[in-house]
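Undergrad: Quick one: structure below, then a few questions.
Residue numbers (this note's numbering): 432 to 614.
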């Protein structure tokens, strides 16, 4: 696949992720990026374009991460009826259907809905972070294999970051992969 077609397809997958939030779109984009091979005619251009696509992918991932996400704040496995809630007289067990007070039932239903939203958000954020780690390893492998630790590589990486990436922690990480080692 030529680089222009690859750029278009990766862009489509990233846009699909932005619209749907489906992590599979990010996986598909990464697979497309992985499949790009340098050409004999333009190896430098393809190398730079592939790097730019990796960086654009991580920019999208970073934007999707909720900075307030706390992996320790696990949602409830199920929402129970609060103790002391009055039940209908003909109900021998405590179940949501047996809540006597309509306002208390409404409050319970709202708690169930809020927990479902929290569960979805938790799952998405946790999976996004796992995918980020996985894709970072793949991008690192590409960068280490393709770029040397040289001033030229550092210059190319800096240019790619300046154009495609805002996350300073990630930028430092990628720059560290190509920065010349000090003697």
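Beta carbons are placed, not taken as given, at the ideal position from N, Cα and C, and that holds for glycine.
Cβ of residue 445 within 8 Å of Cβ of residue 491?
TA: The answer is yes: Cβ separation under 8 Å.
Undergrad: To which residues of the same chain is residue 395 closer than 6 Å at the C-beta, ignoring the five residues directly before and after it?
TA: Past the edges of the chain, shown from 432 to 614, lies residue 395, and the structure says nothing about it.
Undergrad: Are at least three pairs of beta-carbons, each pair with one atom in the stretch 441–455 and one in the stretch 552–572, less than 8 Å apart?
TA: As far as the Cβ criterion goes, the stretch 441–455 touches the stretch 552–572, which means the pair count is three or higher.
Undergrad: Between residue 529 and the rest of its own chain, which residues show a CB-CB distance below 6 Å, the 5 nearest in sequence each way excluded?
TA: Around residue 529: 518, 519 and 522.
Undergrad: Could you tell me which residues DSSP pairs with residue 449 in its beta bridges?
TA: Bridge partners of residue 449: none, in fact.
Undergrad: Assign residue 518 to one of three DSSP states: helix, strand, or coil.
TA: Residue 518 falls in the strand class under three-state DSSP.
Undergrad: Roughly how many angstroms separate the alpha carbons of residue 578 and residue 448, rounded to a whole number?
TA: Their backbone Cα atoms lie some 29 Å apart in a straight line.
Undergrad: Rounding to the nearest angstrom, what Cα-Cα distance links residue 442 and residue 466 in this structure?
TA: Their backbone Cα atoms lie some 15 Å apart in a straight line.
Undergrad: Which first and last residues belong to the alpha helix (DSSP H) in which residue 491 is found?
TA: It spans 474–495 - the alpha helix (DSSP H) in which residue 491 sits, taken as one unbroken run.
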